[in-house]
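Below is one structure, written out as structure tokens; comments come after it.
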Amino acid sequence: MSFLNAVRSFIVVFNYFCMTFTIVLNLVYIVQLFVSFFRVRKDYDRHFSDDYLRYEDSENLMPISLIIPAYNEQENIVQNVRSLMKLNYPSFEIVVINDGSTDRTAELMVNSFHMSPIETSIRSQIPTRHIRKVYYSRKYPNLLFVDKDNGGKSDALNAGINISSYPLFTCLDADSRIEKDALLKLSLEFLKDSRTVVSGGLVRIANGSRIVNGELKGFTMPKKLVERFQIVEYYRSFLMGRVFWGATNSLLIVSGAFGLFRKQTVIDVGGYKTNTIGEDMEIVVRIHRYMRKNRKKYRISFNELAVCWTQGPMSIRDIRSQRRRWQIGLMDTLISHRGMTLNPRYGMVGLLSMPYNWIFELFGAVIETIGYFLVPFSLIMGELNMFFFVMYFLLAVLLGVILSEGSLVLEQYTHRAAMTARQSIEISVYAILENFGYRQMISVFRVEGIIKYRKLRKNWGKIKRKEFDQ
Amino acid sequence: MTYEIISIAALLLCLLIIGVEYIFHYRLAEQQDDNAVRIEGIRRRLKMRVEGVLFAPTASSRAAEITSLVKEINGDYEVYELAVEAMRDYREQSKDERVDRILEEVDEAAKPVELYAKMLEEGDVYHKSYACRRLADLDARDHIDALRRYVNDKNRDLAYNAAMGLARLGDVDTVADYLLSIQDDRMYSARIVNEFFDDFGGDREALAARLFESCNPYMRNTIIKAIAHYKIDAFRPMYLEGAVGDNLQDKIACVKALAAFGYPEDEQILQMAAKDRSWVIRASAVRGLSLLESRTALASVKRALGDREWWVRHAAADSIIKMNISPQDLEDILGGYDRFAADAVKNVLYRMIDNY
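These protein sequence lines are chains A and B, in that order. For the first sequence, our numbering begins at 620 and goes up steadily by one. For the second sequence, our numbering begins at 51 and goes up steadily by one.
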């Protein structure tokens, strides 16, 4: 009898904990939204006065190496390289690293760009797997193609860093497209503040958008619900979350799809970690750690006006795989750098950003998911007052809608004209609908990632994505 | 009962916030739509007006077309910029040099300087910043005093843009004062100094001399590197002194500056620098030596091809093919024991062959 009572007490306490947690989490997000709102407005105005286009022929911008790791990317690679060649930036090189692809990636690259092998010495600053050949094209002198043994994305990036010539580099996904002026906008972060070591750009969901040669040409609502939900989700994550963390110099992740790095800093910290699938987060956390430990002044910024487009997964199966992977990457990084958590030596990163990620991003999913099952169960068991349950549910949904709708307002502040007012309002309907099933499903996938951490932590998996228009 | 009231109040508050967000969102989205339609309309009308100006058969009809264009611009800087953009696009496509003259006529009639001067007076800090740059582009020397007012503004961006504008207009004293005021602020990238010197519309030597009088060593070395390619003879004694001195940073900057001259009398200093402990100095020295025609300089550059530091080898390979190198020397390198030297030269040769 006393055991049953103990279980009942536990359920009641846990219910209260879940409710408090949900409300605190959403309040934290609302603070982020509030700060981001002012930040985005300010950035937009500053962007106007910067008049970035005047730098398009400037020799004062640092040259950039665009590193594209490619593993079995035969569908996208040629198209992507062609689109990158049209970027508006005074000086850049494109380095494609074929990470031991088993498909026709290498053949397509060599044939499409008339490339031939060259002998060249490589400055081996970060150890990598064996590089078989380096190809060079007479027709496209700023393009290099490196064929190497398979070693994973991080190893390919490290090889790219070794062979690249310029002081800044950006890692790009082979299935993403960056906007024509995005590099100009991002590199101004380095020009304007010499402490900048990393700058992340905004990743937007391209599903439904027509992007031709790095320019947004129009938008039609994507057909699948999951694609529509992802549009709202990305706005929330990038425009609210990353803008906030960027503003406090405690951003822990710069998307693997689009980030600009000071090469020497990445070399100083030892390059990308090879045995993780969350290499994009891990490298940023390691840079924070290194810079703070060595008392160096630095800045990791986020520029929401520099845009990269990515095709979001189109099926639940692919979303599941992607979210599990993200959660595993997060967990891996947090565990690897657990010593930074609540350590005053690491300033805002240790005292705010790391605990936030542990509590809300990692364990938050677990608490949320348990709550989804336990709260209705308590209601059935008669342990929860019906009024209280309905109120809690409505409050959780409404707080979620405030955040998503707030992100859509932020999106309007970045002045993207491709979506009409009608489409924009239509998208905001999904800010409500996502609370009825989609968010819960994502939480379950994240928990699955935590459970399968040991098994899947080195497994990238492959996601089927839509192709970009030409 | 209190719980219930609080819960309902919280729900109502949330609903209120969502309602406000939706209204805000809708209004912003509508504004964007209206703006897109407005810009489209302006572009369409401008296209006609610009074509009228560009293809007017006589001077008087052009004057009439310009008057219509100015009416269309109606004191709106955005419309003015769209008109200029349309004309420049046409200039680029058609290579028609008449466009430059026509643009001057349009500027005379539209008086863009007045537009930006008004913006500088009445706009917010961002518009003021923008106006500073535009006034400089338009060579608005009459407004130098207005720009000077903002150089010490507490808004960093505005101060920077005002100073940048003044740099284009060649105002030595104010630009020097501005650069000196930020010399201890490491947030400013050294590239900003480069930018100021590159865009400087006045006497660079006078600006550098004025800065050298009172700047700190970091700024001095940044300036020396920034002006190296302008080869200002007046500073050679300072470069020579720094190149043989003990201070590493001075040496790096001064060797780079001396190397840019390519004077035979500097060979001895560059030869010594090519053996320096610092690879940055060695790389600069190698570039300088490559500008000289002597056998001894060639020998030093060849030796640098096998340097322990990748960047020095890279600089040497890049430089040696620009030197008067004999086929025998080239063959020695390519077939030599030093694989790195051979690879570096091959790499450069591939690119060089393609350029022919």
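In this text, a Cβ means the ideal position worked out from N, Cα and C, and glycines have one as well.
Residue i at chain A interface by Cβ criterion, 7 Å
{"i": "Cys304 of chain B", "result": "no"}
{"i": "Lys325 of chain B", "result": "no"}
{"i": "Ser131 of chain B", "result": "Sequence inspection shows Glu at residue 131 of chain B; the Ser mentioned does not correspond to that position. So no, Glu131 of chain B is outside the interface."}
{"i": "Arg241 of chain B", "result": "yes"}
{"i": "Leu78 of chain B", "result": "yes"}
{"i": "Asn244 of chain B", "result": "yes"}
{"i": "Met169 of chain B", "result": "no"}
{"i": "Leu61 of chain B", "result": "yes"}
{"i": "His75 of chain B", "result": "yes"}
{"i": "Asp235 of chain B", "result": "no"}
{"i": "Ile277 of chain B", "result": "no"}
{"i": "Met207 of chain B", "result": "A quick correction: the sequence has Asp, not Met, at residue 207 of chain B. Judged by the 7 Å Cβ criterion, Asp207 of chain B is in contact with chain A."}
Proximity of residue i and residue j at Cβ, strictly below 7 Å
{"i": "Lys281 of chain B", "j": "Phe311 of chain B", "result": "yes"}
{"i": "Ala293 of chain B", "j": "Phe246 of chain B", "result": "no"}
{"i": "Ile687 of chain A", "j": "Val715 of chain A", "result": "yes"}
{"i": "Arg918 of chain A", "j": "Asp812 of chain A", "result": "yes"}
{"i": "Val926 of chain A", "j": "Leu762 of chain A", "result": "no"}
{"i": "Arg942 of chain A", "j": "Ile1061 of chain A", "result": "yes"}
{"i": "Arg861 of chain A", "j": "Ala984 of chain A", "result": "no"}
{"i": "Tyr166 of chain B", "j": "Arg184 of chain B", "result": "yes"}
{"i": "Pro709 of chain A", "j": "Asp662 of chain A", "result": "no"}
Backbone secondary structure at residue i - three-state DSSP
{"i": "Glu834 of chain A", "result": "strand"}
{"i": "Met734 of chain A", "result": "strand"}
{"i": "Lys767 of chain A", "result": "strand"}
{"i": "Ala689 of chain A", "result": "strand"}
{"i": "Val351 of chain B", "result": "helix"}
{"i": "Lys811 of chain A", "result": "helix"}
{"i": "Gln1089 of chain A", "result": "At Gln1089 of chain A, the pLDDT of 47 sits below 50, so the modelled position is not reliable and the matter cannot be decided from this model."}
{"i": "Val201 of chain B", "result": "coil"}
{"i": "Ile630 of chain A", "result": "helix"}
{"i": "Lys281 of chain B", "result": "coil"}
{"i": "Ser621 of chain A", "result": "helix"}
{"i": "Cys265 of chain B", "result": "coil"}
{"i": "Asn124 of chain B", "result": "coil"}
{"i": "Ala190 of chain B", "result": "coil"}
{"i": "Tyr755 of chain A", "result": "strand"}
{"i": "Val822 of chain A", "result": "strand"}
{"i": "Asn695 of chain A", "result": "coil"}
{"i": "Ala605 of chain A", "result": "Nothing can be reported for residue 605 of chain A: it is not among the residues displayed for chain A, which extend from 620 to 1089."}
{"i": "Asn679 of chain A", "result": "coil"}
Nearest residue (CA-CA) to residue i, options the options
{"i": "Tyr1072 of chain A", "options": "A:Met704, A:Ile896, A:Ser813, A:Ser677", "result": "A:Ile896"}
{"i": "Val100 of chain B", "options": "B:Ala79, B:Ala86, B:Arg141, B:Ile67", "result": "B:Arg141"}
{"i": "Asp248 of chain B", "options": "B:Leu230, B:Tyr228, B:Ile277", "result": "B:Ile277"}
{"i": "Pro932 of chain A", "options": "A:Ser684, A:Val659, A:Asp794, A:Leu835", "result": "A:Asp794"}
{"i": "Tyr53 of chain B", "options": "A:Phe1006, A:Phe1012, A:Glu1030", "result": "A:Phe1006"}
{"i": "Phe857 of chain A", "options": "A:Leu924, A:Lys799, A:Pro963", "result": "A:Leu924"}
{"i": "Ser655 of chain A", "options": "A:Ile1044, A:Ser1062, A:Leu1027", "result": "A:Leu1027"}
{"i": "Tyr127 of chain B", "options": "B:His75, B:Val149, B:Gly173, B:Ala365", "result": "B:Gly173"}
{"i": "Asn868 of chain A", "options": "A:Val1016, A:Arg814, A:Val831, A:Lys836", "result": "A:Arg814"}
{"i": "Phe982 of chain A", "options": "A:Leu1052, A:Trp864, A:Thr1033, A:Leu949", "result": "A:Leu949"}
{"i": "His177 of chain B", "options": "A:Met973, A:Leu1014, A:Arg665", "result": "A:Arg665"}
{"i": "Ile194 of chain B", "options": "B:Val243, B:Glu147, B:Leu132, B:Val222", "result": "B:Val222"}
C-beta neighbour in chain B for residue i, strict 7 Å
{"i": "Gly827 of chain A", "result": "no"}
{"i": "Ile782 of chain A", "result": "no"}
{"i": "Ala925 of chain A", "result": "no"}
{"i": "Phe657 of chain A", "result": "no"}
{"i": "Arg742 of chain A", "result": "yes"}
{"i": "Asp800 of chain A", "result": "no"}
{"i": "Gln1089 of chain A", "result": "Low per-residue confidence applies at Gln1089 of chain A: pLDDT is 47, beneath 50, and the placement is therefore not dependable, though the value from the model is reported in the following sentence. Answer no: the Cβ-Cβ gap between Gln1089 of chain A and chain B never drops below 7 Å."}
{"i": "Asn679 of chain A", "result": "yes"}
{"i": "Leu776 of chain A", "result": "no"}
{"i": "Gly1025 of chain A", "result": "yes"}
Nearest-angstrom beta carbon gap, residue j and residue i [assumed within contact, 8 Å]
{"i": "Glu31 of chain B", "j": "Ser344 of chain B", "result": "Shown here, chain B extends from 51 to 406; a query on residue 31 of chain B therefore has no answer."}
{"i": "Met638 of chain A", "j": "Tyr991 of chain A", "result": "No, Met638 of chain A and Tyr991 of chain A are not in contact; Cβ-Cβ is about 13 Å, not under 8 Å."}
{"i": "Arg855 of chain A", "j": "Ser1023 of chain A", "result": "6 Å"}
{"i": "Gly770 of chain A", "j": "Thr952 of chain A", "result": "About 20 Å separates the two Cβ atoms, so there is no contact after all."}
{"i": "Asp83 of chain B", "j": "Ala1040 of chain A", "result": "5 Å"}
Minimum Cβ-Cβ distance from residue i to chain D less than 7 Å
{"i": "Gln1031 of chain A", "result": "Within the model displayed, chain D is absent; protein chains A and B are what it includes."}
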